[in-house]
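Working notes, structure below.
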Amino acid sequence: MEQSLYIRIFKLIRGYWPQILGSTIAALLYVAFNSASIWFTASLLNSILGNFNDFIIEHEALRTADNLNLNNQIKFITNEFIIRETAFETLKVLAILIVFVFILKNLFLYLKNIMIVHVQYDFITDLRNKLFHKYLNMSLSFFNEQKAGELTSIIINDVTNMRRAFTVGFQRAFVEPLNIITFLVLLFIINFKLALMALIIVPVSALAIIAIGRSVKRKSRRIAIKIATITNIISEILSSIRVVKAFTNEDYENRKFQSQTKKFFNLILKRARLRQTAAPLTEVIGVCVAIVLILIGGRNVLIDNVMTSEDFLRFILVLFSALAPIRMLSSVNMEVQTGLASAERVFDTLDSQSAIKIADNPLLIKQFNDKIKFENVTFKYADNEDKVLDNISFAINKGEVVALAGESGAGKSTIADLVPRFYDVDAGTVQIDGKDVRKLELKSLRKLMGIVTQETILFNDTIRANISYGLPNVQEDDIISAAKIANAYVFINEQPDGFNTVIGDKGVKLSGGQRQRIAIARAILNNPPILILDEATSSLDTKSEKLVQEALENLMTDRTVLVIAHRLSTIHKANKIIVLDKGRIIETGTHDSLLKASGHYKKLYDYQFNR
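Numbering that gives the first Met the number 0 puts the first residue of the sequence shown at 0, with every later residue one more than the last.
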């Protein structure tokens with residue numbers, strides 16, 4: 000699993016190879032100048048603390064010596080470059096050289112970081128765009144199974160974790176090992192035996208880092224799930240705040256939220272303890288080894304005289320400089336493990352398959368000419384659930400108004416959802432003009448339909464934008480005409496900014512009747528030949544109901560209409576009423592004929608009117 004994760008992550012970032020290559024080159028130069036800065040710093044300290052005449056004598060001895068080792072060769076070249084006539088002149092050259100080296104080192108550090116920052120934010124934007132595109136192309140069943148808060152958490156929090164782990168982490172995972180290798184090479188050049196002992200730091204630290212990293216990944220996975228739970232609670236409560244306040248349930252919701260944040264706190268605290276353990280543990284191991292080496296090296300200088308003070312000073316500087324990248328590498332592993340946990344959730348989402356399968360060569364449908372037909376349709380929402388529809392067959396001819404009646408849960412809304420392919424049938428077919436809807440191009444199919452639901456869906460945008468939704472090039476006169484037909488024009492002009500009034504989240508600044516008329520105006524403007532109505536007047540007051548009902552009648556003119564009926568008084572003019580019970584059709588007829596038949600429809604009708 001992890002190998003495939005790494006491969007997939009590599010595929011995601013390989014498109015940024017120019018910036019990564021540039022950052023890598025800058026990183027190499029940074030490492031080179033960083034090592035040079037330590038080398039020259041040791042020379043600077045030696046020139047200040049040591050005797051200049053001894054320094055000159057030692058340099059001349061190197062000039063005349065045969066078979067210089069690599070350490071002495073580098074020292075000789077360095078001394079040739081910096082030595083001047085006096086100690087102070089030599090010191091000035093060294094000081095200028097060190098300033099120059101540090102400027103170059105930090106310049107390449109800046110270039111390395113700025114190029115990788117570009118990759119970071121390009122990466123995060125591209126990945127979020129891919130996830131959002133995936134969400135938009137998933138079927139409704141996907142959103143029935145997933146919580147909105149969890150999907151939000153994946154696209155925000157998990158992608159952010161991946162950014163940190165696989166851009167910053169990638170660079171550090173490349174740069175810090177280079178630093179460590181370079182420092183180790185320098186240590187071996189200075190003193191082979193001491194450097195061999197220093198190697199103990201690397202495997203011991205690596206074992207500690209790997210062990211802690213595995214635990215961090217497990218906890219990061221649980222933290223990501225908990226963040227999604229908290230995000231979902233926030234989203235749910237904010238969208239239902241009216242109900243919470245109406246039932247004075249603030250204390251209960253507050254306790255529920257605090258319970259989740261307490262669990263989240265315990266999780267992140269445990270992970271933080273692990274993450275904060277890695278760097279100190281690595282440093283303590285390194286310092287312990289370094290102290291032992293200092294004692295051994297000190298004996299070599301002070302007693303055995305097998306090592307010069309300059310070499311000893313340079314060895315110690317390089318050794319302690321090597322501890323910093325080792326410590327940094329431990330934090331990189333923590334970031335990567337956190338990112339891997341998030342990457343699993345992101346890739347699981349990207350790998351999700353829509354329940355709506357697109358045909359290989361879908362047929363484009365531009366108009367509706369004949370009828371909608373359900374033929375032996377069976378449907379259930381999940382494999383382990385009962386059938387919602389069982390062997391349903393009926394037809395809606397062009398120009399007809401057909402109503403679906405029945406008790407709640409009878410399958411009325413499901414039938415309406417199958418026509419635009421929000422879901423696909425388990426058995427049988429839904430046909431338009433004799434063609435199975437599964438073989439039709441999905442967008443062209445849905446463009447034939449207008450849908451007005453009981454729960455009006457509006458966006459936090461202007462009235463104009465809500466009416467013209469999905470029609471970017473529509474004319475102003477057409478928007479006004481649609482508003483008039485929907486009985487919305489008068490109240491729109493009464494708004495502070497008319498058609499430019501922003502109506503708030505889900506249209507909260509408008510009344511229920513006003514929201515419904517905006518939705519009807521939107522459907523009118525789209526001018527669909529097929530109309531699906533989920534009883535849009537059931538929750539309105541008498542005046543609003545009358546205005547909305549008039550708007551609906553205007554909308555239904557010369558269209559094929561499928562009505563989901565909750566209030567039977569609104570469908571007495573339908574050409575055909577189909578009565579459902581437990582997913583089966585039990586009666587079909589007109590309003591009058593069904594009343595005369597004294598069957599299930601009449602019982603529903605009498606119950607609604609207290610007869």
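Where is the CB? At the ideal position from N, CA and C, for every residue including glycine.
Small disclaimer: the values here were computed from a predicted structure and weren't measured.
Residue burial classification, residue i (beta-carbon count within 10 angstroms, cutoff 16)
i: Y422; result: buried
i: H132; result: exposed
i: A194; result: buried
i: S392; result: exposed
i: E59; result: exposed
i: G14; result: exposed
i: G614; result: In this structure the chain extends from 0 to 610, so residue 614 is not present and cannot be described.
i: M0; result: Interpretation of M0 is limited by its pLDDT of 45, a score under 50 that renders its predicted location unreliable; no figure is taken from the coordinates.
i: A358; result: exposed
i: L363; result: exposed
i: G398; result: exposed
i: S22; result: buried
i: G338; result: buried
i: E79; result: exposed
i: S597; result: exposed
i: Q474; result: exposed
Backbone secondary structure at residue i - three-state DSSP
i: K595; result: helix
i: S42; result: helix
i: S308; result: helix
i: S392; result: strand
i: E406; result: coil
i: T556; result: coil
i: M137; result: coil
i: F373; result: strand
i: Q474; result: coil
i: M0; result: In this predicted model, M0 has a pLDDT of only 45, less than 50, meaning its place in the structure is not dependable enough to derive any value.
i: A271; result: helix
i: D423; result: coil
i: S412; result: helix
i: G503; result: coil
i: G582; result: coil
i: D125; result: helix
i: D533; result: strand
i: L439; result: strand
i: L362; result: strand
i: Q607; result: helix
i: K613; result: The structure shown does not extend to residue 613, since the chain is modelled only from 0 through 610, so no value can be given for it.
i: K218; result: helix
i: G449; result: strand
i: V562; result: strand
i: Q119; result: helix
Chain-order list of residues whose beta-carbon lies under 7 Å from that of residue i (same chain, five-residue window excluded)
i: K621; result: Nothing about residue 621 can be reported from this structure: the residues present for the chain run from 0 to 610 only.
i: D389; result: T377, G582, R583
i: N396; result: K370
i: N231; result: K146, A147, G148, E149
i: F101; result: S36
i: F264; result: none
i: I295; result: L193
Check: residue i C-beta below 6 Å from any heavy atom of the ligand ZN
i: I113; result: This structure does not include the ligand ZN; it has no bound ligands of any sort.
For residue j and residue i, believed in contact at Cβ under 8 Å, the rounded distance
i: I612; j: Q259; result: There is simply no residue 612 to check, as the chain begins at 0 and stops at 610 in what is shown.
i: Q26; j: V174; result: A small fix is needed here, since residue 26 is Ala in this sequence, not Gln. About 5 Å separates the two Cβ atoms, so the contact holds.
i: A550; j: A485; result: 4 Å
i: P527; j: L447; result: 6 Å
i: K91; j: N33; result: Actually they do not touch by this definition, with Cβ atoms about 23 Å apart.
i: I315; j: I290; result: With a Cβ gap of about 11 Å, I315 and I290 do not count as contacting.
i: R163; j: E57; result: About 49 Å separates the two Cβ atoms, so there is no contact after all.
Proximal residues to residue i (C-beta, below 8 Å), its chain only, five neighbours per side dropped
i: L470; result: L524, N525
i: S635; result: The first residue shown for the chain is 0 and the last is 610, placing residue 635 beyond what the model contains.
i: F346; result: L4, R7
i: P176; result: P324, L328
i: D580; result: G405, E406, A409, H599
Short CB-CB distance (under 7 Å) between residue i and chain D
i: E144; result: Included in the structure is just one protein chain, with no chain D present.
Close beta carbons around residue i, own chain, < 6 Å, minus the five adjacent residues each side
i: Q513; result: F490
i: V158; result: I123, L126, R127
i: I24; result: none
Item to check | the stretch 412–431 touching the stretch 361–372, judged by at least three CB pairs closer than 8 Å | outcome: yes
Next on the checklist: Closer than 8 Å is the cut-off here; do at least three beta carbon pairs connect the stretch 457–464 with the stretch 404–419?
Outcome noted: no
Checklist entry - Can we say the stretch 215–229 touches the stretch 145–156, given the rule of at least three CB pairs closer than 8 Å? => result yes
Checklist entry - Between the stretch 572–581 and the stretch 505–515, are three or more C-beta pairs nearer than 8 Å? => result no
Next on the checklist: Below 8 Å, how does it come out for the stretch 595–607 and the stretch 559–567: are there three or more Cβ pairs, yes or no?
Outcome noted: yes
Checklist entry - Pairing CB atoms from the stretch 490–497 with CB atoms from the stretch 431–447, are three or more of them under 8 Å? => result no
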